[in-house]
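Take 1 as the starting number for the sequence shown in full-length UniProt numbering and just add one per residue.
Here is the structure we will look at, set down as structure tokens.
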Amino acid sequence: MADIIKLLPDHVANQIAAGEVVQRPASVVKELLENAIDAGATSIKLIVKDAGKTLIQIIDDGKGMSETDARMSFERHATSKITSAADLFNLNTKGFRGEALASIAAVAHVDLKTRIHQNEVGTHIEIEGSSIITQEPCAVPPGTSLAVKNLFFNIPARRNFLKSNNVELRHIIDEFQRVALAHPQIVFAMFHNEGEVFQLPAGNLKQRIVGIFGGKTNEKLVPVSEETDIVSIQGFVVKPEFSKKTRGEQFFFVNDRFIKNPYLNHAVSAAFEGLLPDRARASYFLYLTVDPSTIDINIHPTKTEIKFDDEHSLYAILRSTIKHSLGQFNIAPVLDFDRDANLDTPYAYKDKHAHIPKVEVDRNFNPFANVSPPKKGASLPTYTKQPVDGWEQMYEGLKTPPSGDASNVTYESEEVTGDLFQKDAGYAFAKAESSTYQLNNKYIISTIKSGMVIIDQNRAHQRILYEELLRNITVKESVSQQLLFPLILNYNSSELGLLIQLKEGLENTGFVFGKVANETLEITGIPTSLPESEVPIVIEQLLSDLENEVPDTGFSQTDTLAKSMAKSMAVKAGETLDAESREHLVNSLFACKEPSVSPHNRTTFITMNAEELDRKFK
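Written out as structure tokens, the structure reads:
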């Protein structure tokens, strides 16, 4: 039998590795930003065009690379971060595998310019699909500039599966924010299509959070700080009243590396137990510093998953630390209901010593020194009562007996035999005659000629609202109700930019906007079918949906807008509907163009005929 196992060529192996490392443009941004940080950069600039599909460029002022290192950096498993397997358990750098640049060069056009500070001339390398096109000296400033162009140019299938520019840009911004939050001491800047997205100066952690998420974030933060032998915890949690139902800024950093850990997230949720509104999520920016030998990062190519040696201790410490912070800043309530909060000693005074206050008394002070004594013979003024005329009229007729026979006077009986809250007879009749019934406050049962129909009230209402909103947006015949007092909502710059793009579509659904500035959105009118209290929830759900699936085409964007608003505004399972509302919902559903499915293609109703019922009783 002939040998059939062969070594793959390097360019094929690199493309296979790129499938794990480079999933989308945001993956390239993450790898290049981390390389710049490992190079000791103090200023990093990210330039993106067409959401990274055309260009991703990172410019840093790090230590740069020599001519040999510049060439070697694109080889597989070539790295300066580790030298042996033991180094995997003592990592102090972002990268260590040596696969990123080789994988990126296998699926894109790469242009590298780099120079170390000691040299006067740098190196320029151009690579296309793992093939080196040119390598020559060049005059460049110290540091590194790496441009990735035409991502997935040699893998059309992968390029076609990329989402719209808005979605891909959202992922790039997410990666940029995670790296920028982990390193507030570094200057970061981001540009997209020649427009500035972020300009973040160096500062402390709180300044970096406010710089990314807006000035209004400052009043929402509660500091968290704890030092133990196992872990050092620093950062902030967001006050419960500012929590969000659909999205939350949830950031965990371990040794300045962003991670995702559901177990630790549960510890934060447990600390907020009883403080968050219904279905709301806690927001936090928490930085954990642990011994590198107690964690394992080499689990997933994206390095966002970490294994801890003692997760249970971390859970307990994190939970108690957050509860302590919420308590010391009077966020969590106390059980002493008679306590006057104004008499509490500020937490910052816990280490101060009490001292006797100095009181100065002026013993020569006389409050009557400037009062003139009364004159001799003066007397106090006298007051005499004045007669009141006509007071007798108040009592006229009291002694006069009532006219007429007392036997004709009727009195209310002491015992009330009637029901003060008598039921409307017409209501019982209407209920008996109603053709719809509600089961478990979730399903509506209605009779039809062949049997009965069972309707999911939430999905059915979603379909009704979806077609109504879609009609309003396209035909522009929506009706809005003006608010007596404008509603002011706060959003960060990226969220406001997304809402401005959708402004026309939202106005066609019934929203009326006022001023949009300083990270605030003023709403002066809302759709007639939307309660004012539900407006923030609807917009939060809309932002969450749009950030994940905003397409490029106008119709698809309108479709997503209508789907998201219909989902938020629809009647929920568990809500009781009266007979009139049930009848209206049933009639409106079967007046829709596609009554059988919800906007998300889920069944809205099922039918059961008499033959099926007969079989149930056999």
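Backbone N, C-alpha and C fix where the C-beta goes; we use that ideal spot for every residue, glycine too.
A quick note: this is a predicted structure, and the numbers were derived from the prediction, not measured.
For residue i, which residues in the same chain have their Cβ closer than 6 Å to its Cβ, ignoring the five residues on either side in sequence?
i	result
A105	F74, I127, S130
S450	N609
I516	This sequence places Val at residue 516; Ile is not what is there. The answer is none, since no qualifying residue turns up.
M190	L46, F176, V197, F198
S315	It should be pointed out that residue 315 corresponds to Tyr in this sequence rather than to Ser. Within the same chain, Y315 has close Cβ partners A267.
Whole angstroms are fine: how far does the CA of residue j sit from the CA of residue i?
i	j	result
L561	A180	31 Å
Q177	I317	27 Å
K239	K220	5 Å
H600	Q457	15 Å
I455	I606	7 Å
T217	P277	19 Å
H192	I297	32 Å
P527	T558	16 Å
P25	L151	7 Å
F153	H109	8 Å
N255	P531	45 Å
residue 619	F590	A question about residue 619 goes unanswered here, because the residues of the chain that appear run from 1 up to 618.
I155	K163	15 Å
V279	Y263	One point to set straight first is that residue 279 is Arg, not Val, in the sequence displayed. Taking the straight line from one Cα to the other gives about 18 Å.
E495	K49	20 Å
G235	F188	20 Å
K149	P201	28 Å
A425	T576	The pLDDT assigned to A425 is 39, lower than 50, so where the model puts this residue is not dependable, and the model offers no usable value.
M569	R170	25 Å
S478	Q57	45 Å
I444	Q482	33 Å
A354	L326	26 Å
A271	R281	12 Å
Within the continuous alpha helix (DSSP H) that includes residue i, where are the two ends?
i	result
L469	457-475
K515	Looking at the DSSP string, K515 is not in any alpha helix (DSSP H); the run it does join, the beta strand (DSSP E), is 512-517.
P9	From DSSP, P9 is part of no alpha helix (DSSP H); its letter is neither H nor E.
M72	67-72
E34	25-38
T436	Segment 436-439 is the beta strand (DSSP E) holding T436; no alpha helix (DSSP H) there.
S104	For the sequence presented, residue 104 should be read as Ile rather than Ser. Start and end: 100-106.
With burial defined as no fewer than 16 other Cβ atoms inside 10 Å of the residue's Cβ, what is the status of residue i: buried or exposed?
i	result
T134	exposed
E249	buried
F161	exposed
E594	exposed
F462	Checking the displayed sequence, the identity of residue 462 turns out to be Gln instead of Phe. Answer is buried; the Cβ neighbour count reaches 16.
Y284	buried
I59	buried
T68	exposed
V12	exposed
L8	exposed
Y287	buried
E273	exposed
L439	exposed
G143	buried
S372	exposed
P184	buried
E120	exposed
I125	buried
G505	buried
L499	buried
T447	exposed
Q541	buried
R615	exposed
D111	buried
Excluding the 5 residues flanking residue i on each side, which residues of the same chain have their C-beta closer than 8 Å to its C-beta?
i	result
T553	Bear in mind that a pLDDT of 43 at T553, under 50, signals an unreliable position, so the model cannot answer this.
P486	G514, E522, I523, T524
G214	N490, Y491, N492, S493, E519
Got a sec: does the ligand SAM put a non-hydrogen atom nearer than 7 Å to the Cβ of residue i?
i	result
I4	Questions concerning the ligand SAM fall outside what the structure shown contains, since it holds no ligand whatsoever.
Please list, in chain order, all residues of the same chain as residue i whose beta carbon is under 7 Å from its beta carbon, the five residues on each side excluded.
i	result
Y427	Bear in mind that the predicted position of Y427 carries a pLDDT of just 35, short of 50, making it too unreliable to give a figure here.
K503	F513
R582	T436, Q438, I444
I488	T520, E522
V22	V28, S103, I104, V107
Please report the residue range of the beta strand (DSSP E) in which residue i lies.
i	result
S480	480-490
residue 620	No answer is possible for residue 620: it lies beyond the span of the chain, which begins at 1 and ends at 618.
G522	According to the sequence as given, residue 522 is Glu; it is not Gly. It spans 520-527 - the beta strand (DSSP E) in which E522 sits, taken as one unbroken run.
E196	195-200
T447	443-448
S372	That residue, S372, is in no beta strand (DSSP E); it is neither H nor E in DSSP.
*Which full runs of the beta strand (DSSP E) of 3+ residues lie inside the region 113-181, going along the chain?*
122-128, 131-138, 143-149
- Message: So within the region 531-611, which uninterrupted alpha helix (DSSP H) runs reach at least 4 residues, ignoring any that extend past its ends?
- Response: 535-549, 554-569, 579-589
### Query
Can you list, in chain order, the stretches of the alpha helix (DSSP H) that have 4 or more residues and sit fully within the UniProt domain "DNA mismatch repair protein S5" (209-327)?
262-271
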